[in-house]
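To keep things clear, I will list the structure first and then write my remarks on it.
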Amino acid sequence: MCVTHPCFYSPESSDVVDDNGVAVREVRNYFKVSFWVSNTSNPKSVRVKVGAHHRTMSAYLNAITDAGLVLERTGEPQDVDAVTGPVAHSRPTPLTFMVRCRKA
């Protein structure tokens, strides 16, 4: 399973520049489990066009165990292309959360 990382991409989250001029990810409403649409300035963004269903990390992990699956491995890959690209803010935070499971 691979999903947009729920800890950093939730309703009303955004990229901001702190007092030192460093781009950071500001997360708001992490615990608000709901459908949401991004307010990004990019009208072609998939989150603008179709939206997303935000869930907490525990909701994903509990769904795995509730389905009788065993968690084998997790991953939070770093977006190495973002170091110099247009989404350089994402470098310190993972964009996705990946899980490998098996039947119990």
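Using this note's numbering, read the sequence shown as starting at -14 and increasing by one per residue.
The beta-carbon is built from N, C-alpha and C at its ideal position, and this holds for glycine as well.
CA-to-CA distance, residue j to residue i, given in whole angstroms
| i | j | result |
| --- | --- | --- |
| Asn24 | Val33 | 7 Å |
| Met83 | Cys(-8) | 13 Å |
| Ala37 | Lys29 | 14 Å |
| Glu61 | Pro79 | 6 Å |
| Thr81 | Met(-14) | 10 Å |
| Thr59 | Asn27 | 30 Å |
| Tyr45 | Ser(-1) | 22 Å |
| Ile49 | Phe20 | 21 Å |
| Ala164 | Asn5 | The displayed coordinates of the chain run from -14 to 89. Any statement about residue 164 would go beyond what the structure contains. |
| His(-10) | Val7 | 21 Å |
Cβ separation of residue i and residue j, assumed to be a contact under 8 Å, to the nearest whole Å
| i | j | result |
| --- | --- | --- |
| Val12 | Val1 | Rounded, the Cβ-Cβ distance is 11 Å, inconsistent with contact. |
| Val35 | Cys86 | Val35 to Cys86, Cβ: 26 Å. No contact. |
Can you list, in chain order, the stretches of the beta strand (DSSP E) that have 3 or more residues and sit fully within the stretch 0 to 30? 8 to 11, 19 to 21
Any chance the stretch 15 to 23 sits against the stretch -14 to 3, with 3 or more Cβ pairs inside 8 Å? yes
Entirely enclosed beta strand (DSSP E) segments - the stretch 31 to 66, minimum 3 residues: 37 to 39, 54 to 60
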